[in-house]
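With the working numbering applied, the sequence shown covers 207 to 830. Idealized CB from N, CA, C, for every residue including glycine. Predicted, not measured: the structure shown is a model, and the values here were computed from it.
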Amino acid sequence: MTPLISSPAGRRPASQSDYDKFPVLAVPNTADACTVGWEAIAERLRRQIASRDSRRAVLVVECYPGVGEEDVLSQLQQRLAPVLTLKTAEALLPPSRIDELAAPFLGGDDPVFGFLSGLVLPQFFDLEKVAHLRSRIAGLERGLVLVVGVGARLITEGDILVYADLARWEAQNRFRRHETGNLGAENRQLPANLLYKRAFFVDWRAADRWKRPLIAQWDFVLDTNNPAEPKLAEGEAVRQGLRLAVTRPFRVVPFFDPAPWGGQWMKEVCDLDRSAPNYGWCFDCVPEENSLLLGFGEVRFEIPSLDLVFAQPHALLGEEVHARFGDEFPIRFDLLDTMGGGNLSLQVHPLTEYIQHHFGMHYTQDESYYMLDAGPGTTVYLGLRERIDTAAMASDLKRAQSGGPAFAPSRYANQWPAKKHDHFLIPAGTIHCSGANSVVLEVSATPYIFTFKLWDWGRLGLDGKPRPIHLAHGLANLQWDRTTRWVKQNLINCVTQVGAGDGWREEQTGLHEREFIATRRHWFTKPVPHHTQGGVNVLNLIEGDEALITSPEEAFEPFDLHYAETVIVPASVGAYVIQPAGASRRRRCATIKALVRRQARPQPGPARAHALETRRQPAGVSLA
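Spelled out as structure tokens, the structure:
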């Protein structure tokens, strides 16, 4: 019988998991900056209102889509007794008009894909209704005015700005529970995947454009992720936490989800609910949807980690990465657990021009599978076999999708044996699928929903319905020339040693030259030096119980990293050192590090001008 959990050397038994599911960034000298519960929140706001030397005060509570606006308004209204309360929902366009506004970006009947919207938040509002609400505020000379909802700052600049924030992972859970619908829509009864699709392509894009310039103006931030325990923090304390985050290594809050193919490994290693049927995904570095926990004294204050990307893009990403990607975090780490589960879907990701033209993303989901663990007989499907009949493969896929005979992947795709610490590179356009009885550390570019399933083994999703298959998209992007010999030479364990020192060895393990991410693996029994080289680093401890990250200049406090945890090292950190810690002091450890490849720079001086006149340097040459 295949064991569900292997026990790699240098690891403690799974029952002694040290995996931190709620990493906190402690913000010094902020114990009094945060209050918990509606009574304390109201009292803190009363003091702020009383500090104003004015007969009238306007309290603006701007909300991110998905925040329970009615609850926020009710709780504050009954405690603050405003003379006027306004809901921004009263000024929105009718739901039918907002549906028309969103429709061009929703891809028709496609259950997954749309086109990234360029809409801005004011487009969701009726300008006459906005003017009417403004006139009601202008007509008051004394007392408290309370304005609550998405776009509250559009109604009035106000005197005090509270931003009610919500992590996207919690928003997704509310979609699943049908507690909320989309911005301005009456659609909470729709399937959760459709609510998510509209939020991803429309709502969140407009809300983020609205949020970015407000971060510097927040007087307070309201953590609404747990409605039973709201928390109010001073805006400057939150900004202090964001400034602190980019000076040291930090982790975002991982979230876990079951899957039709999910396994049992993460239950033990990450100390999850043993009664759950399975866990398939662990998203532990997807800042667009993860949270960041700030520690204000004893209080854990949760905000979207995307706030950090918006507020500190230069220090976090580095100048060159920021110049290429703007305020987007381009590297994603996640775990895929099929230990005791099933195969992933057979799939392909879009080429860059395809994702640009069809979905509005400016870069695509290149990725790789790093085998964090693997049981006996584990395989990975990668690339096509030599001299296959491409028309027959397309026909077989279409027949299988239409209820015909099951598709036979091994007839067309390579099936490679896989063991722990193998690294499979997957540039966009390459057919791939991880098999059962493995744990994959997926290292990839960030736009992670753009997966075209070609075959899903005839199984149903967790909702009991067939999972969406996108054959037309998939076949349009499949690179038929990525066959056995090419894959073996270019995509499997392309490992070369690039450095060594006392007690450590550095290897380049990928990614393919078509991919903008480079990866480095370090094996070490003693301290190993690292440097961000002006760009953000993302690391995972792939071997050993525990490692310690320190600053050679003592610029930040030592940071503990445990097995399978992912850590972000901001570009501004510069030099740092990783060494074995805890029980791992007596054993070999290893990390995998991802970074954005540096662009080639022309040489200075007269030779540069001559070179530019005589030939063009190839783009994207790696200097990593």
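In the structure shown, D305 adopts helical secondary structure according to DSSP, grouped into three states. Classified as buried, A580 has 16 or more neighbouring CB atoms from the shown chains inside 10 Å of its CB. Setting aside the 5 residues that flank it on each side, L265 is surrounded in the same chain by L352 and I366, each with a C-beta closer than 6 Å to its C-beta; the list follows chain order. Non-local C-beta neighbours of P733 in its own chain, meaning closer than 6 Å and more than five positions away in sequence, comprise V783 and Q785, ordered along the chain. Per DSSP, reduced to three states, the secondary structure at I343 is helical. Between the segment 229–237 and the segment 491–507 there are three or more C-beta pairs closer than 8 Å, enough to call the two in contact. Taking one beta carbon from each stretch, the segment 719–731 and the segment 429–449 have fewer than 3 pairs nearer than 8 Å; the two do not touch. Excluding its 5 nearest sequence neighbours in each direction, G548 has C-beta neighbours in its own chain below 6 Å: W467 and A642, listed in chain order. Closest by C-alpha distance to R593, out of H338, L552, T689 and K626, is T689.
A contact between stretches requires three or more CB pairs, one per stretch, nearer than 8 Å, and the segment 320–332 fails this requirement with the segment 374–386. At a cut-off of 3 residues, the continuous stretches assigned as beta strand (DSSP E) that sit fully inside the segment 559–642 are 573–580, 585–590, 619–623, 629–632 and 638–640. If you draw a straight line from the Cα of G709 to the Cα of T702, it is about 18 Å long. Just so you know, the alpha carbons of H555 and N484 end up roughly 26 Å apart.
Taking 9 Å as the cut-off, the Cβ atoms of F765 and P455 count as close. Annotated three-state conformation of P229 is coil, per DSSP. DSSP places Y485 in no beta strand (DSSP E); its state is neither H nor E. The residues L307, F330, F331, D332 and G390, in chain order, have a CB closer than 8 Å to that of L299 in the same chain once the five nearest residues on each side in sequence are set aside. D463 has W487 as its beta-bridge partners, per DSSP.
For H737, the uninterrupted beta strand (DSSP E) run begins and ends at V734 to H737, by DSSP. Under a 10 Å Cβ-count criterion, G635 is classified as buried, with 16 or more other Cβ atoms of the shown protein chains found around its own Cβ. Across the structure, F762 and V775 are spaced so that their CA atoms are roughly 11 Å apart.
A distance below 8 Å between beta-carbons, with the five flanking residues on each side excluded, links F228 to the following residues of its chain, in chain order: V459, L499 and R506.
Between A796 and D751, the C-beta gap is not smaller than 9 Å, which leaves the two residues out of contact. Contact between F630 and L552 does not hold, since their C-beta atoms are separated by about 14 Å, which reaches or exceeds 8 Å. D766 carries a strand assignment under DSSP once its states are collapsed to helix, strand and coil.
Of the candidates A413, A598 and E504, E504 places its Cα closest to the Cα of A237.
Sorting K625, V368, P536 and G741 by C-alpha distance to the C-alpha of E495 places P536 at the top. In the structure shown, D414 adopts helical secondary structure according to DSSP, grouped into three states. Boundaries of the alpha helix (DSSP H) harbouring I255: W244 to A256, taken from the DSSP string.
Taking C-beta separations shorter than 6 Å and ignoring five residues to either side along the sequence, the partners of T241 in its chain run I247, R250 and L438, following chain order. According to the DSSP assignment, Q703 belongs to no alpha helix (DSSP H) but to the beta strand (DSSP E) extending over T702 to G707.
The residues Q607, K659, L660, W661 and D662, in chain order, have a CB closer than 8 Å to that of I675 in the same chain once the five nearest residues on each side in sequence are set aside. Just so you know, the alpha carbons of A295 and G355 end up roughly 7 Å apart. Under DSSP, R262 takes part in a beta bridge, and its partners are G349. Using a Cβ distance threshold of 9 Å, Y569 and A443 do not count as a contacting pair. Non-local beta-carbon contacts of G667 in its own chain, meaning distances under 8 Å to residues more than five positions away in sequence, involve P466 and R673 in chain order.
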